[in-house]
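Remarks on the structure that follows.
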Amino acid sequence: MDFKWGVSTAAYQIEGGWNEDGKGQSIWDVFANKRGLTFENHNGNIACDFYHRYTHDLAILHQLNIPNFRFSLSWSRIIPNGTGAVNPKGIDFYNRVIDFCLELGIEPWITLYHWDLPYELEKKGGWTNREVIRWFSEYVEVCVKYFGDRVKRWIILNEPMAFTGAGYFLGLHAPGRKGLYCFLAAAHHATMCQAEGGRIVRSMLTESQVGTAFSSTFVQPFFDNNRDVMATNRADALLNRLFVEPLAGLGYPVKDFKLLQRLERFIKDGDESKLAFNMDFIGLQNYTRELVTFSMLTPLLWSKFVPADKRNVEVTDMNWEVYPESIYEMLMKFSKYKSFKEIIVTESGASFPDVVINGKVNDVRRINFLDQHIKQVFRARQDGVNVNGFFTWSLTDNFEWKEGYRPKFGLVHIDFETQQRIIKDSGYWYGNFIQSYL
Ligand code: GAL
């Protein structure tokens, strides 16, 4: 069966080597090194030290027979100032990672942007500055020029909703900016970049497959009344449709969320047609569902989530409900967009409190989580959705953004004091499970 099994990672969460070999700073380097912004002031300066240990980690992937590896490129490792001079040592690092993947028979999948904007660009306004379209295009061209001879799968952006929402609206993620106008500017520019990035990859590489990855959350009203139904529609427009529908040629979902009309301020003549692009595949990422209720205390959105731990349901260490049907529902929803030809689940996974006993991690709950979610993916496939891949988040425990190293998402445990790796039972399980499908 030609189904793509893999794992997903991201540069800032695993690489470390934050100031080595000519790398410039990213917004995450700056954010996580300020006090009080992340769990116990954790940062990604060393992270999983993938920068020095990539051969070891890729050998684990090989040992587990996992055939696809998704990783992101650090823009500021490649172009330290975000625009202009290219850093040869950055290029060399990713060349070595790609070549080693290929040597092991592992297919590399590159994410071009997984949240770590070069800090020099943030100083000029970052995603809120329309110039970012030009900066990003230059960066994409550089990456395709250097790696396009060997990399056949490209993902333009990872979860634009997450990095614009948490980074430019709520101020919880880098660069820590807040407010509606910051958010709307960043959102429009990111939507332009996702399509423009697709066009660049397609025009430079005719043999490759290009896609982009979206977060998705199945939302349902908490109470069966009109107010909660409307609140849920607004949350759905924001979380699941804002970046998806312009790409599909449907424009922004203003009808279900009037506030989005204010995007107009950032839309220039000719933008509307440029927001659409016919990707080869869409990356769908799903972790949970949310129940939504009307809230007077949440201006603008007038909706809030009812926290999972108040609902007497099974939760992960992120306080996310374990609700496998969510991935099925979102696959069904995304499959309705006619221009989406193929869907790959580019992330799903769970953080649970692992314990190491006698050098082993018996993470039964993670195994169950993956097993149940994969079953729902195959249910959607049976129901006619063209979903052709599943990537677990993540290969190793890593730097979980604001939450630092507290949550553990890996198939492989890392002792961050010693950098020692232990393959968890879920890692062996996933490897064996994949074998039974190949
Ligand atoms: C996704 C994100 C990943 C990872 C994961 C688990 O939203 O793309 O970087 O953090 O969530 O929280």
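Using the working numbering, read the sequence shown as starting at 962 and increasing by one per residue.
By construction, the Cβ of each residue, glycine as well, lies at the ideal position given by its N, Cα and C atoms.
Since this is a predicted model, take the numbers as computed values, not measurements.
C-beta atoms of residue i and residue j nearer than 8 Å
i, j, result
"Ala1127", "Ala1237", "no"
"Gly1320", "Ile1383", "yes"
"Asn1329", "Ile1288", "no"
"Asn1029", "Gly1392", "no"
"Leu1022", "Val1058", "no"
"Phe951", "Ala1008", "Look at the range of the chain in this structure, 962 to 1399, and you will see that residue 951 is not part of it."
"Thr1178", "Arg1272", "no"
"Thr1254", "Phe1352", "no"
"Gly1043", "Trp1036", "yes"
"Glu976", "Phe1000", "no"
"Asp1324", "Asp1278", "no"
"Phe1054", "Leu1019", "no"
"Thr1089", "Ala1146", "yes"
"Leu1166", "Gly1109", "yes"
"Ile1305", "Gly1345", "no"
"Ala1196", "Tyr1298", "no"
"Ser1033", "His1075", "yes"
"Gly1051", "Gly983", "yes"
Other residues of its chain near residue i: CB distance less than 6 Å, five sequence neighbours each side excluded
i, result
"Glu1303", "Phe1242, Asn1347, Asn1349"
"Gly1388", "Leu1025, Leu1372, Val1373"
"Glu1206", "Pro1214"
"Val991", "Tyr1080"
"Arg1202", "Pro1214"
"Thr1357", "Cys1009, Gly1371, Val1373, Ile1375"
"Thr970", "Phe1032, Ser1355, Leu1356"
"Ser1312", "Thr1277, Asp1278, Met1279, Pro1368, Lys1369, Phe1370"
Pairwise C-alpha distance: residue j and residue i
i, j, result
"Ile1375", "Lys1229", "48 Å"
"Arg1188", "Gln1181", "12 Å"
"Tyr1107", "Leu1399", "32 Å"
"Leu1082", "Val1093", "8 Å"
"Leu1258", "Met1122", "22 Å"
"Lys1139", "Trp1281", "24 Å"
"Phe1130", "Asn1056", "36 Å"
"Pro1069", "Ser1355", "15 Å"
"Asn1239", "Tyr1080", "31 Å"
"Leu1211", "Pro1041", "36 Å"
"Asn1006", "Trp979", "5 Å"
"Glu1378", "Gly1365", "14 Å"
"Trp989", "Leu1078", "8 Å"
"Gly1087", "Asp1232", "19 Å"
"Arg996", "Phe1124", "20 Å"
"Asp963", "Gln1222", "42 Å"
"Arg1091", "Ser1098", "12 Å"
"Trp1362", "Trp966", "25 Å"
"Val1338", "Arg1014", "33 Å"
"Gln1396", "Gln986", "40 Å"
"Ala993", "Leu1133", "11 Å"
"Gln1343", "Asn1186", "33 Å"
Selection from the options that minimises the alpha carbon distance to residue i
i, options, result
"Pro1368", "Gln974, Lys965, Asp963, Phe964", "Gln974"
"Ile1161", "Thr1178, Lys1219, Glu1102", "Glu1102"
"Ser1234", "Met1153, Arg1014, Asp1324", "Met1153"
"Glu1225", "Ile1039, Leu1166, His1149", "His1149"
"Glu1064", "Glu1206, Gly1212, Thr1125, Arg1111", "Arg1111"
"Val1267", "Leu1261, Ser1256, Val1276, Leu1252", "Leu1252"
"Val917", "Thr1307, Ala1209, Thr1357, Arg1326", "As shown, the chain starts at 962 and ends at 1399. That puts residue 917 outside it, with no answer to give."
"Leu1141", "Leu1199, Thr1167, Leu1078, Ser1164", "Leu1199"
"Tyr1100", "Lys1113, Gly1086, Gly1159", "Gly1159"
"Ile1117", "Asp982, Phe1204, Arg1091, Arg1038", "Phe1204"
"Leu1220", "Ser1256, Val1190, Leu1261", "Leu1261"
"Arg1163", "Asp982, Trp1362, Arg1114, Ile1052", "Arg1114"
"Met1191", "Ser1033, Trp966, Trp1263", "Trp1263"
"Gln1170", "Ala1135, Val1105, Phe1227", "Val1105"
"His1334", "Phe1301, Met1291, Ser1296", "Met1291"
"Phe1227", "Ala1135, Phe1144, Pro1049", "Phe1144"
"Leu998", "Asp1332, Ala1135, Gln1343", "Ala1135"
"Trp1390", "Gln1343, Leu1331, Thr1307", "Leu1331"
"Gly1172", "Phe1301, Phe1295, Lys1265, Gln1380", "Phe1301"
Own chain residues within Cβ distance below 7 Å of residue i, not counting five before or after
i, result
"Glu1120", "Ala1174, Phe1175, Ser1176, Gln1246"
"Asp1315", "Val1322, Asp1324, Lys1369, His1374, Lys1385"
"Val1047", "Ile1039, Ile1040, Val1103"
"Val1317", "His1374, Ile1383"
Contact set for residue i: own chain, Cβ-Cβ below 8 Å, skip 5 residues either direction
i, result
"Asn1194", "Asp1217, Phe1218"
"His1017", "Arg1382"
"Phe1336", "Checking the sequence, you will find Lys at residue 1336 rather than Phe. Only Pro1285 meet the Cβ criterion."
"Gly1066", "His1023, Pro1028"
"Glu1275", "Glu1282, Val1283"
"Asp1270", "Val1276, Asn1280"
"Arg1340", "Tyr1289"
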